[in-house]
Structure formats: structure tokens, C-alpha cells
Amino acid sequence: MNPRIRLAAASVADAEALSAAGERLFVQAYSDFSQADDIAAHVGHYFGRDSVATELQKPGVSYTLAYDADAIAGFLKIRRGPAPDAVPAAEAVEVQQLYVDAERQRRGVGRMLMDHAAATARDEGYAGIWLSVWQDADWAIGFYEAYGFQRVGTAEFWLGRSRFMDYLMWFGWDSEGEGRTETSY
Ligand SMILES: CC(C)(COP(=O)(O)OP(=O)(O)OC[C@H]1O[C@@H](n2cnc3c(N)ncnc32)[C@H](O)[C@@H]1OP(=O)(O)O)[C@@H](O)C(=O)NCCC(=O)NCCS
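In numbering that gives the first Met the number 0, the protein residues as written are 0 to 184.
Pasting the structure below:
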């Protein structure tokens with residue numbers, strides 16, 4: 000827990016700020032790995048102001064902002080709903096977006112946001128949380144594995160003309176609240 004960081008649920012009023020943060024942090028993390036026009040199209044589709052405003056109003060979707068004073072240090076998007084077959088729960092919470100500003104990484108912000116996702120899912124009665132991550136994103140996989148996620152499958156992801164292979168990862172808890180120890184991957 001980083002005492003400088005404050006988490007806040009985002010509302011439609013935050014669409015502009017979330018859009019700007021999403022564009023900036025996605026480009027920061029992934030611009031070296033694809034072509035500029037594909038990145039621009041992806042960012043426009045997923046982080047454009049209107050897309051974010053639409054997502055913010057969808058049932059089952061929540062965004063959480065992490066503030067360091069007035070600056071956005073990172074954000075989280077979760078989505079409740081059906082999970083892929085590889086995930087050991089038919090319905091679960093997907094961590095769809097998790098981004099921490101490069102200048103503020105390795106200070107516990109990602110863990111705070113993930114704790115929030117897990118606590119929300121647990122409080123709502125789900126058995127765990129899942130996500131999809133690019134197989135070459137060692138930094139993110141390192142973070143997820145340190146958190147307790149396990150690889151349960153693979154998925155294909157297209158960013159414009161570039162095909163990326165993802166891992167599907169799962170972090171579940173039993174009735175005592177412990178992370179699972181078995182893996183099916
Ligand atoms: C992945 C990400 C969210 C992690 O956020 P963070 O705030 O830096 O992570 P934390 O400081 O909470 O790290 C918690 C633990 O995870 C592990 N971890 C974090 N970053 C890691 C890395 N780059 N490599 C290996 N392990 C890592 C460590 O065990 C760390 O504990 P420690 O710092 O005490 O060693 C962040 O790197 C990020 O936003 N990256 C760019 C966007 C991205 O790739 N998002 C995910 C895919 S969409």
C-alpha cells in the first residue's frame with residue numbers, strides 16, 4: 000500500500016481524463032511493439048473519449064483511478080461477465096485494463112489497483128479474476144505472477160495488422176480466501 004495514492008471510482012464526468020490517461024499510458028507501454036497507425040487506431044477505438052464514456056455507462060463495467068495528489072498515477076477497468084472456457088469459472092471479473100504511469104511504477108500502485116479488483120470481485124461473490132496479457136509483456140506477467148495469477152490458457156489478439164499471442168491468467172480464491180495452488184495450463 001502506497002500512502003500517497005488515493006483510489007477513486009470513475010464516473011462519466013471522468014471520461015475525458017480517463018481517455019487522456021489511457022491514450023498516454025497505452026502509447027507509453029506499447030508504442031515500440033507495433034506500427035504507429037495501428038497504435039493510433041487502437042488508442043482511438045479503446046481510449047477515445049466517446050468510447051470511454053460509453054464503457055463507463057455499461058452495466059458490469061467499472062473504472063478506478065489512482066491519484067498521486069492531483070496527477071493520475073494509473074487506472075483499472077474491470078468487467079463482470081462470462082469468462083473464456085479456459086478460465087475455471089463461467090462468470091468472473093475480467094481485469095480488462097490496468098495501467099500505471101512509467102514514472103510511478105514499482106511503487107505499489109498496480110498492486111493497490113489489483114487489490115481493489117480482487118476485493119470487488121470477492122465482495123460480489125465471484126470466485127476469482129482473470130485477464131489476458133501479451134506473452135512478451137514480461138513486466139506485466141512478472142507483476143501478475145507475483146500477485147498470484149496462474150496461466151490457464153492462450154488467446155489471439157489483433158492490433159491492426161499485428162497478431163499478438165496472449166496468455167489467459169486466473170487468480171481465484173477458495174472459501175478460506177486463499178489463492179489456488181493448482182494450475183490447468
Ligand atoms: C504491470 C504494471 C501494472 C505493474 O504496476 P506497478 O505499479 O509497477 O506494480 P507494483 O509496484 O504494484 O508491483 C508489485 C510487484 O509486482 C512485481 N512486478 C512489478 N513490476 C514488475 C516487472 N516489471 N517485472 C517483474 N515483476 C514486477 C514485483 O514483485 C512487485 O513487487 P516489488 O516492486 O516489491 O518487487 C505496470 O508495470 C504497467 O502499468 N505497465 C504498463 C502497462 C501494462 O503493461 N499493463 C498491463 C497489461 S495491459
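Beta carbons: idealized from backbone N, C-alpha and C, even for Gly.
Using beta-carbon positions only, say whether TYR146 and ARG121 come within less than 8 Å of one another. At a Cβ-Cβ threshold of 8 Å, TYR146 and ARG121 do not count as neighbours.
With DSSP collapsed to three states, give me the class of PHE142. When secondary structure is reduced to three states using DSSP, PHE142 falls in the helix class.
Hey, could you find the ends of the beta strand (DSSP E) TYR66 is sitting in? Taken as a continuous stretch (DSSP letters only), the beta strand (DSSP E) holding TYR66 covers 60-67.
Can you tell me where the beta strand (DSSP E) with ARG5 in it begins and where it stops? Residues 4-8.
Given GLU175, which residues of its chain have a CB within under 8 Å of its CB, disregarding the five upstream and five downstream residues? Confidence at GLU175 is low in this model, with a pLDDT of 46, below 50, so its placement is unreliable and the value that follows should be read with caution. The answer is none, since no qualifying residue turns up.
For THR63, is the classification buried or exposed, using 16 other Cβ atoms within 10 angstroms of its Cβ as the cut-off for buried? With 16 or more other Cβ atoms within 10 Å, it is buried.
Distance CB(VAL94)-CB(VAL151) smaller than 8 Å: It is not a contact, given that the beta carbons lie outside the stated cut-off.
Can you tell me whether GLY152 is helix, strand or coil according to DSSP? It is a strand residue.
Could you give the uninterrupted runs of the alpha helix (DSSP H) lying entirely in the region 42-109, keeping only those of 4 residues or more? Scanning the region 42-109 for uninterrupted alpha helix (DSSP H) segments of 4 residues or longer gives 48-55, listed from N- to C-terminal end.
Beta-carbon proximity list for ALA154, same chain, < 6 Å, skipping 5 on both sides: In its chain, beyond the 5 residues on either side, SER131, ASP165 and LEU167 have a beta carbon closer than 6 Å to the beta carbon of ALA154.
Looking only at its own chain, which residues have a Cβ that is under 6 Å from the Cβ of HIS188, when we skip the five neighbours before and after it? With the chain covering only 0 through 184, there is no way to say anything about residue 188.
CA-CA distance, ALA82 and GLY47? Here the C-alpha atom of ALA82 lies approximately 25 Å from the C-alpha atom of GLY47.
Through-space distance from GLY73 to ARG3, alpha-carbon basis: Cα to Cα, ARG3 sits roughly 13 Å from GLY73.
Taking the CB atoms as reference points, tell me whether TYR125 and VAL92 lie closer together than 8 Å. In this structure, TYR125 lies near VAL92, with their beta-carbon atoms less than 8 Å apart.
Report yes if the CB atom of ALA52 is closer than 8 Å to the CB atom of VAL11, and no otherwise. Yes, Cβ-Cβ distance for ALA52 and VAL11 is below 8 Å.
By Cβ distance below 8 Å, which residues in the same chain neighbour GLU54 in space, the five residues on each side in sequence not counted? Counting only residues of its own chain and dropping the five nearest sequence neighbours on each side, GLU54 has a CB closer than 8 Å to the CB of VAL60, TYR62 and LYS76.
Look at the Cβ atom of ASP37, then the Cβ atom of ARG162, and state whether they are nearer than 8 Å. Not in contact: ASP37 and ARG162 (Cβ atoms no closer than 8 Å).
For ARG162, which beta-bridge partners are listed by DSSP? BP columns for ARG162 point to TRP157.
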